[in-house]
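*Asks:*
Residue numbers (this note's numbering): 1372 to 1604.
1) Quick one: what does DSSP say residue 1576 is sitting in, helix, strand or coil?
2) Mark residue 1581 as exposed unless 16 or more other C-beta atoms lie within 10 angstroms of its C-beta, in which case mark it buried.
3) Using 8 Å for Cβ pairs, my map puts residue 1556 next to residue 1531. What's the rounded Cβ distance?
4) Report yes if the CB atom of residue 1496 is closer than 8 Å to the CB atom of residue 1509, and no otherwise.
5) Ends of the alpha helix (DSSP H) at residue 1559?
6) Going along the chain, which residues of its own chain have a beta-carbon closer than 7 Å to the beta-carbon of residue 1494, five neighbours each way excluded?
7) Can you name, in chain order, every residue of its own chain whose Cβ lies under 6 Å from the Cβ of residue 1425, other than the five neighbours on each side?
8) Looking at the secondary structure, which residues open and close the alpha helix (DSSP H) in which residue 1540 lies?
9) Drop a sphere of 10 angstroms on the beta-carbon of residue 1487, count the other beta-carbons inside from all chains shown, and report buried for 16 or more, exposed for fewer.
10) What do you get for residue 1518, buried or exposed, if any count of 16 or more other CB atoms within 10 angstroms of its CB means buried?
11) Look at residue 1414 and residue 1544 and say whether their C-beta atoms are less than 8 Å apart.
12) Taking the alpha carbon of residue 1432 as the reference point, which residue from 1484, 1562 and 1549 has its own alpha carbon closest?
13) Terminal residues of the continuous beta strand (DSSP E) containing residue 1505?
14) Go through its chain and collect everything with a Cβ distance to residue 1537's Cβ below 6 Å, but skip five positions before and after it.
15) I'd like the span of the beta strand (DSSP E) that includes residue 1564, first residue to last.
16) So residue 1427 packs on residue 1542, CB below 8 Å; how close in whole Å?
17) Taking the straight line between their C-alpha atoms, what separation do you get for residue 1418 and residue 1535?
18) Please classify residue 1534: does DSSP put it in a helix, a strand, or coil?
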């Protein structure tokens, strides 16, 4: 009886192992297919599209430069969410996007009280056409400023990636993330699984991780301690 139980357990483990291997193989093939699709993306050199997307991103990121009281800022930013983001109420991305930009801008807003001559520039690195009216955009946010008690100019750069959709002749952001932050997350949390996990799934798990970070920030915990793992807002 005991021997039979052991055999049953071994059979179950074998079946589980086969299923797991099949899922990993299937995931690997999908990742490989994604890579092939990415290699076939067409880079656009359309000046009108480039200009429109750059204007949208500039307007969005410049919100953090405006010296407003918190309540005014929240009102203006909430309006920009409706203006620039693809609202999908069934998607976790909506809440993430709001928190991503809001938290980033909110802390900049507080710090901006001690800044002068703040300038924001968006540098489009490339725009790829993913499909009709869908664009993969890689860009750099360039910030320049000095502190009130120090005239020396400080220049900062952060590289972002965004999936942008043209809906009824209006450009809307479906996804947006800091490239360095996203890559740090994948390399730390998915060292092996990144080779057989679709990017969309990695992105979904990244959203959950970031929302956890933001919740801790909102609870007033030490900001540097929360972010010292290499991830950034």
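Here a beta-carbon is modelled for each residue, glycine too, at the ideal position from N, C-alpha and C. Computed from a predicted model, the values in this text were never measured in an experiment.
*Replies:* According to the data block:
1) For the purposes of this step, residue 1576 is identified with residue 205 of the chain shown, where counting begins at 1. Residue state, collapsed to three classes: helix.
2) Indexing the chain shown from 1 puts residue 1581 at position 210. With 16 or more other Cβ atoms within 10 Å, it is buried.
3) Counting from 1 along the chain shown, the entry for residue 1556 is found at position 185. Counting from 1 along the chain shown, the entry for residue 1531 is found at position 160. That belief does not hold up - the Cβ atoms of residue 1556 and residue 1531 are roughly 15 Å apart, past 8 Å.
4) By 1-based counting over the chain shown, the position of residue 1496 is 125. By 1-based counting over the chain shown, the position of residue 1509 is 138. Yes. Within cutoff.
5) Working through the chain shown from its first residue, we reach residue 1559 at position 188. Per DSSP, residue 1559 belongs to the alpha helix (DSSP H) from 1550-1560.
6) What you label residue 1494 is simply residue 123 of the chain shown in a count that begins at 1. 1510, 1511 and 1513, listed in sequence order.
7) Taking the first residue of the chain shown as 1, we reach residue 1425 at position 54. 1493 and 1495, listed in sequence order.
8) Locating residue 1540 in the chain shown gives position 169, where the first residue counts as 1. Residue 1540 -> no alpha helix (DSSP H), and no H or E assigned at all.
9) One-based indexing of the chain shown puts residue 1487 at position 116. Label assigned to residue 1487: exposed.
10) On the chain shown, residue 1518 is found 147 positions in, with the first residue counted as 1. By the 10 Å Cβ count, residue 1518 comes out exposed.
11) Looking up residue 1414 in the chain shown gives position 43. Looking up residue 1544 in the chain shown gives position 173. No, Cβ-Cβ distance for residue 1414 and residue 1544 is not below 8 Å.
12) Numbered from 1 along the chain shown, position 61 holds the residue referred to as residue 1432. Considering only alpha carbons, the answer is 1549.
13) Here residue 1505 refers to the residue found at position 134 of the chain shown. Note, residue 1505: beta strand (DSSP E), 1505-1518.
14) As a first step, residue 1537 is located in the chain shown; it is residue number 166 there, counting from the start. So the qualifying residues of the chain are 1504.
15) Here residue 1564 refers to the residue found at position 193 of the chain shown. Counting along the chain, residue 1564 falls outside any beta strand (DSSP E), and DSSP gives it neither H nor E.
16) For this step, residue 1427 is matched to residue 56 along the chain shown. For this step, residue 1542 is matched to residue 171 along the chain shown. Contact holds; Cβ gap of about 5 Å.
17) Residue numbering aside, residue 1418 sits at position 47 when the chain shown is read from its first letter. Residue numbering aside, residue 1535 sits at position 164 when the chain shown is read from its first letter. Approximately 16 Å, taken between the alpha carbons.
18) Along the chain shown, read from residue 1 onward, the residue named residue 1534 stands at position 163. DSSP places residue 1534 in strand when its eight states are reduced to three.
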